[in-house]
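Worksheet: one structure, shown below.
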Amino acid sequence: MVSTRQMTGATSEESSLQLCRTVPTTASSNVVTITSSMNTKAPAISRQMNKVCCSILNSTFQKLQNQMHTRFQTVKAKMPRRESARRNHPLACECDILETCYMRLSLLQMTFGKHIERKHCCFFPGGILDEVYSVLNYIRTSPSLDRPFKVTDELFDLSTMAMEYFKEHIEPNLPDIAYFSMYSKPENEALPSSSILSRDTSHSNSSSPPQSNMVLRKGIRKIKQGMKRYNNQLTVLRSELRNCKRKATEQAKTITEQQKLLAEQQKQTVEFANRLDETDKKNDELSRKFSTVLQVKKMHLVASLLRFARFVVRAVVPSRTCLCDSGGMIALPLIDVVNIHFKCFP
Numbered sequence: 001m002v003s004t005r006q007m008t009g010a011t012s013e014e015s016s017l018q019l020c021r022t023v024p025t026t027a028s029s030n031v032v033t034i035t036s037s038m039n040t041k042a043p044a045i046s047r048q049m050n051k052v053c054c055s056i057l058n059s060t061f062q063k064l065q066n067q068m069h070t071r072f073q074t075v076k077a078k079m080p081r082r083e084s085a086r087r088n089h090p091l092a093c094e095c096d097i098l099e100t101c102y103m104r105l106s107l108l109q110m111t112f113g114k115h116i117e118r119k120h121c122c123f124f125p126g127g128i129l130d131e132v133y134s135v136l137n138y139i140r141t142s143p144s145l146d147r148p149f150k151v152t153d154e155l156f157d158l159s160t161m162a163m164e165y166f167k168e169h170i171e172p173n174l175p176d177i178a179y180f181s182m183y184s185k186p187e188n189e190a191l192p193s194s195s196i197l198s199r200d201t202s203h204s205n206s207s208s209p210p211q212s213n214m215v216l217r218k219g220i221r222k223i224k225q226g227m228k229r230y231n232n233q234l235t236v237l238r239s240e241l242r243n244c245k246r247k248a249t250e251q252a253k254t255i256t257e258q259q260k261l262l263a264e265q266q267k268q269t270v271e272f273a274n275r276l277d278e279t280d281k282k283n284d285e286l287s288r289k290f291s292t293v294l295q296v297k298k299m300h301l302v303a304s305l306l307r308f309a310r311f312v313v314r315a316v317v318p319s320r321t322c323l324c325d326s327g328g329m330i331a332l333p334l335i336d337v338v339n340i341h342f343k344c345f346p
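full-length UniProt numbering puts the last residue of the sequence shown at 346; the count rises by one with no breaks.
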């Protein structure tokens, strides 16, 4: 027996699903648009909501790709052609950020685009779209842009993880893309490989040769268009890779020149230090010579004083001597005579 609570829960779930089916597509799109990618991890949704979410993700991805391409071309047109002048231009950081975003979106288009066109899957990594919008908001609100690679690090990591996850876990389970087939797959649904083969055989058996030729020509035309589009994208990526290589070469050349200048400056610093040491040695030698000369002069002066003292001792009386002063005679000791001589003849 089924309990009343279980019956009530089942009826409430059916009524909620029925209510979701009756919600208009525009309202569902608005509800999904205003929610972030981190808050939309619902365990189960209806087919209509799934279709709305897929269309929003695909259209937003395509719109961002076109917007990035247009904005990058606009900013690039404002930049000078000389690479040396581009590095010092005020729009250099913004151009690098937009170029990185456009390259990542182009790589995502090359990975997801062929399956999105055939409606095998949708562009599921919505966090990448949010990150691109945050980068654009940062460009719009920041007065000065510094370190462009720091701004796009999160976008680079998210896009790399999304492509690796898609190639490892999702792409092997998707239908194979048969470019050279007699059957042109309908665009409104993704069929498994067995149903494709069965329809291919039935179609080839029932159709006439002219219709088969028309289908084949149509398929070849689509393949050529796809190859042309991919070749254009490959050309763009090659040109961007060429620009990156040229920038890396110029930066390596600049680093080499700076290293040469640094080596020359270090050499000049060593020479100046050697000259300063030589000057210090010369100053020490001159000061030593000067002190020697002073000592010699002092010795000569002392010797002359000694000679004068000997002369005075020999010339005067040993005990006393007289000095005339204003017609009078004053008796002075010998030591006073020597002191008077020192004062008169310093």
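Cβ coordinates follow ideal geometry from the N, Cα and C atoms, glycine included.
All values reported here derive from a predicted model rather than from experimental measurement.
{"Query": "Please report the residue range of the alpha helix (DSSP H) in which R104 lies.", "Result": "A92 to E117"}
{"Query": "If you draw a straight line from the C-alpha of K150 to the C-alpha of V135, how long is it?", "Result": "11 angstroms"}
{"Query": "What number of angstroms, rounded off, separates the C-alpha of residue 356 from the C-alpha of Y138?", "Result": "In this structure the chain extends from 1 to 346, so residue 356 is not present and cannot be described."}
{"Query": "Measure the CB-CB distance between V132 and L98 and report whether it falls below 8 angstroms.", "Result": "no"}
{"Query": "So what does DSSP say about C53, is it helix, strand or coil?", "Result": "helix"}
{"Query": "Using 8 angstroms as the cut-off, can you tell me whether the stretch 232-247 makes contact with the stretch 103-118, which would need three or more C-beta pairs spanning the two stretches below that distance?", "Result": "yes"}
{"Query": "Count the other C-beta atoms from every protein chain shown that fall within 10 angstroms of the C-beta of V52, then say buried if there are 16 or more, exposed otherwise.", "Result": "buried"}
{"Query": "Taking the Cβ atom as the reference point for each residue, do R104 and L155 lie within a distance shorter than 8 angstroms?", "Result": "yes"}
{"Query": "I think R86 touches P80, with their Cβ atoms under 8 angstroms apart; what is that distance to the nearest whole Å?", "Result": "6 angstroms"}
{"Query": "Please return the same chain residues whose Cβ sits closer than 6 angstroms to the Cβ of P172, not counting the five positions on each side in sequence.", "Result": "none"}
{"Query": "D146 and C93 look like a contact to me (Cβ under 8 angstroms); what is the Cβ gap, rounded to whole Å?", "Result": "7 angstroms"}
{"Query": "Going by CA-CA distance only, name the one from Q62, E250 and D280 that's closest to E117.", "Result": "Q62"}
{"Query": "Among D157, C121 and R217, which one has its Cα closest to the Cα of D176?", "Result": "C121"}
{"Query": "Should F166 go down as buried or exposed, given a rule of 16 or more other Cβ atoms within 10 Å for buried?", "Result": "buried"}
{"Query": "With the cut-off set at 8 angstroms, would you say I128 and A77 are in Cβ contact?", "Result": "no"}
{"Query": "Alpha carbon to alpha carbon, how far is E83 from R238?", "Result": "18 angstroms"}
{"Query": "Identify the continuous alpha helix (DSSP H) that holds T160 and give its terminal residues.", "Result": "D153 to Y165"}
{"Query": "Going by other Cβ atoms of all chains shown within 10 Å of its Cβ, with 16 needed for buried, is C244 buried or exposed?", "Result": "exposed"}
{"Query": "Since L57 and F123 are thought to touch, with beta carbons under 8 angstroms apart, how far apart are those beta carbons, to the nearest angstrom?", "Result": "5 angstroms"}
{"Query": "Where do the N-terminal and C-terminal ends of the alpha helix (DSSP H) with R86 fall, by residue?", "Result": "E83 to R87"}
{"Query": "Starting from R140 and walking both ways along the alpha helix (DSSP H), at which residues does that stretch end?", "Result": "G126 to T141"}
{"Query": "Determine the DSSP secondary structure at P80, reduced to helix, strand or coil.", "Result": "coil"}
{"Query": "Is R87 close to the ligand GTP? I mean its beta-carbon at under 7 angstroms from any heavy atom of the ligand.", "Result": "Because no ligand of any kind appears in the structure shown, any question about the ligand GTP cannot be addressed here."}
{"Query": "Quick check: what's the CA-CA separation for T60 versus G226?", "Result": "21 angstroms"}
{"Query": "Could you name the residues of the same chain whose beta carbon sits closer than 8 angstroms to that of H69, not counting the 5 residues immediately before and after it, in chain order?", "Result": "Y102"}
{"Query": "Taking its Cβ as the centre, do 16 or more other Cβ atoms sit within 10 Å of L158, making it buried, or is it exposed?", "Result": "buried"}
{"Query": "Tell me whether D146 sits in a helix, a strand or coil according to DSSP, three-state version.", "Result": "coil"}
{"Query": "When DSSP labels each residue in this structure, what does H120 get in the three-state scheme?", "Result": "coil"}
{"Query": "Helix or strand or just coil, what does DSSP make of S46?", "Result": "coil"}
{"Query": "Taking only beta-carbon atoms, is S287 less than 8 angstroms away from chain D?", "Result": "Among the chains in the structure shown there is no chain D, since it carries only a single protein chain."}
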